[in-house]
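In full-length UniProt numbering, the protein residues as written are 1 to 108.
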């Protein structure tokens, strides 16, 4: 699995870092916005044994719930940004943006 960010995503991360300091991401397997990547101040979301560190976005750790990881482990993820407000606690929501995942199955 490879996790990368689009230019729009990197720009939004830079903006959020300027406002909130160091950041982290978590991707769960929940429904609705729970399946979108969530951005938090570093350390605010408590990761544990059911979370897997799968990479970094602009220096920010990107974790995924273990169950989701087992389903997506052979998928490359590109994190992008779209206009619109999700219904979550993710830091980009007040900016009128939301992070989204674009995926591509890896050739094994």
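All residues carry an ideal CB built from backbone N, CA and C; glycine is no exception.
Requested in this report: Give the single residue among 45, 44, 66 and 46 whose Cα lies nearest to the Cα of residue 54.
Outcome: Per the Cα distances, 66.
Original post:
Taking the alpha carbon of residue 84 as the point to measure from, which residue in 77, 93 and 78 has its own alpha carbon closest?
Top reply: The candidate whose alpha carbon is nearest that of residue 84 is 93.
Residue 28 by DSSP, collapsed to three states: which one?
-> Three-state DSSP puts residue 28 in coil, outside helix and strand.
### Query
residue 97: which of 11, 4 and 2 sits nearest, CA to CA?
With distances taken between Cα atoms, residue 97 lies closest to 11.
If the criterion is Cβ atoms closer than 8 angstroms, does the pair residue 109 and residue 4 meet it? Past the edges of the chain, shown from 1 to 108, lies residue 109, and the structure says nothing about it.
### Cβ distance (whole Å) where residue 86 is taken to contact residue 36 below 8 angstroms
Right, their Cβ atoms sit about 6 angstroms apart.
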